[in-house]
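Student: Numbering (our numbering), first residue to last: 228 to 267. A single structure is presented below for examination.
Here you go:
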């Protein structure tokens, strides 16, 4: 009985990539806001 590799692994990887991108954007915007607050 051969076990097929689940597609969820690829799905998980895609999700992780998406999360990293999303998190990076979030950090950038937060940093931008922090800079504005700091300089004002």
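For every residue, glycine included, the Cβ atom is placed at its ideal position computed from N, Cα and C.
Taking the straight line between their C-alpha atoms, what separation do you get for residue 243 and residue 260?
Tutor: 25 angstroms
Student: Any idea what DSSP makes of residue 231, helix, strand or coil?
Tutor: If DSSP states are grouped into helix, strand and coil, residue 231 belongs with coil.
Student: Can you look up residue 267 in the DSSP assignment and give me helix, strand or coil?
Tutor: coil
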